[in-house]
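One structure is given here, and the rest of the page talks about it.
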Amino acid sequence: MAITELSIILLIVLVVVVGYSYPGWRDRRIVARPFPDAWQQHLVRAVPYVNRLAPGEQQQLRDNIQRFLAHKTFHGCGGQVITDEIRITIAAQACLLLLNRRTAVYPRLKHILVYPDAFVSNLGHEENDDGIVDIEDHGHGLLGESWHYGKVILSWDDVRHGAANIHDGDNVVLHEFSHQLDSESGSANGAPVMHGGNYTAWAQILSEEFEELNEDFHHHHESVMDYYGATNPAEFFAVATETFFEKPHQLRKRHAELFEVLREYYAVDPTAWQ
Ligand SMILES: [Zn+2]
């Protein structure tokens, strides 16, 4: 083979290899894949108000679901079989938290473990050096866990319940994936990375609201937010996220400042959807 022919072949190989591995090009191929009708139906069940999102936001959501599915691995645990319904439901709700924001799709997250229902963790710590953020034990086992390093664990039964009622402020996917966002800053402490956001205002408002929820809890006052948010600042951010997306009108009315900082952070206004 002549030197020129060899060079041409090598050049072609190089172009193909680079083309398939360059993130921007790979990403375009991923989002160019068809979004099947069956997926759209799962999406509508997972996010029933999806048609109220602006057309551009609906496209963003579908694109991010494609990216999510391309880069994360789902594992069925305790006999759970992973279906498209499970993958789309979790991906759709997780990606709702990313709309209009300059962020990658949970870059540190690699694995999603799904149990059929509430599971028992053998970890036994609320927060430890291994990076576990969250254990929610409501007396019937765990509904979800989020780890700093690459892993979310969910109960499918609770994911389905979360999707079935979008007005009760209880959604384990929104909860666990807000912990993932929180972890991107290096530790889960209720202060996620903000692009151009005002950390001072965020810290002040969230700590005031956290104190208020603790007061409400101790005095048995009624609260828009679940008292689980009074556990610590990380749980407060996660519960505030669930409330922001599922009870936006109530949150805006009763906690206007908190609603406003969350609206800035999440770059959406769920009152327009609900
Ligand atoms: Zn939590």
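Just so we're aligned, residue 90 is where the sequence shown starts under this note's numbering, counting upward by one.
Every residue gets a Cβ at the ideal spot worked out from N, C-alpha and C, and that includes glycine.
- When the five nearest sequence neighbours on each side are left out, no beta carbon in the same chain lies closer than 7 Å to the beta carbon of residue 113.
- Rounded to whole angstroms, the separation of the alpha carbons of residue 248 and residue 135 is 9 Å.
- Exclusion of residue 335 from the 7 Å shell around ligand 1 follows from its C-beta lying no nearer than that to any non-hydrogen atom of the ligand.
- The closest heavy atom of ligand 1 lies less than 7 Å from the beta carbon of residue 324.
- Residue 272 counts as buried, since no fewer than 16 other beta carbons sit within 10 angstroms of its beta carbon.
- Looking from the CA of residue 292, the closest CA among 325, 186 and 314 belongs to 325.
- Counting other Cβ atoms within 10 Å of its Cβ, residue 331 reaches 16 or more and is therefore classed as buried.
- Pairwise C-beta distances place the region 301-311 out of contact with the region 262-276, as fewer than three of them are shorter than 8 Å.
- Shortest gap from the CB of residue 344 to any heavy atom of ligand 1: 7 Å or more.
- In this structure, the alpha-carbon of residue 158 lies about 43 Å from that of residue 92.
- Residue state for residue 342 is assigned as helix, using DSSP reduced to three classes.
- Residues 291 and 354 of the same chain have their beta carbon placed closer than 8 Å to that of residue 283, with the five preceding and five following residues left out of the count.
- Rounded to the nearest whole angstrom, the C-alpha separation of residue 267 and residue 261 is 10 Å.
- The shortest CA-to-CA distance from residue 278 to any of 122, 323 and 194 is the one to 323.
- Shown here for residue 176: same chain residues with a beta carbon closer than 7 Å to its own, the five before and five after excluded, namely 158 and 163 in chain order.
- In the three-state scheme derived from DSSP, where H, G and I count as helix and E and B as strand, residue 179 is classed as helix.
- The three-state secondary structure of residue 208, taken from DSSP, is strand.
- Distances taken from the Cβ of residue 327 to the heavy atoms of ligand 1 include one shorter than 7 Å.
- DSSP places residue 312 outside both helix and strand once states are collapsed to three, so it counts as coil.
- Rounded to the nearest whole angstrom, the C-alpha separation of residue 198 and residue 161 is 7 Å.
- Assignment of beta-bridge partners to residue 240 by DSSP yields 200.
- In this structure, residue 336 sits near residue 258, with a CB-CB distance shorter than 8 Å.
- Cβ-Cβ distances below 6 Å link residue 264 to 327 and 331 in the same chain, with the five nearest sequence neighbours on each side left out; the list follows chain order.
- For the options 338, 245, 333 and 339, the alpha carbon positioned closest to that of residue 356 is the one of 333.
- If you draw a straight line from the Cα of residue 317 to the Cα of residue 141, it is about 30 Å long.
- Runs of the alpha helix (DSSP H) lying entirely within the region 132-166, each at least 4 residues long, are 144-160 in chain order.
- With a 10 Å radius around the Cβ and a threshold of 16 neighbouring Cβ atoms, residue 256 comes out exposed.
- Residue 256 has its Cβ no nearer than 7 Å to any heavy atom of ligand 1.
- Its Cα nearest to that of residue 243, the residue 205 stands out among 253, 205 and 280.
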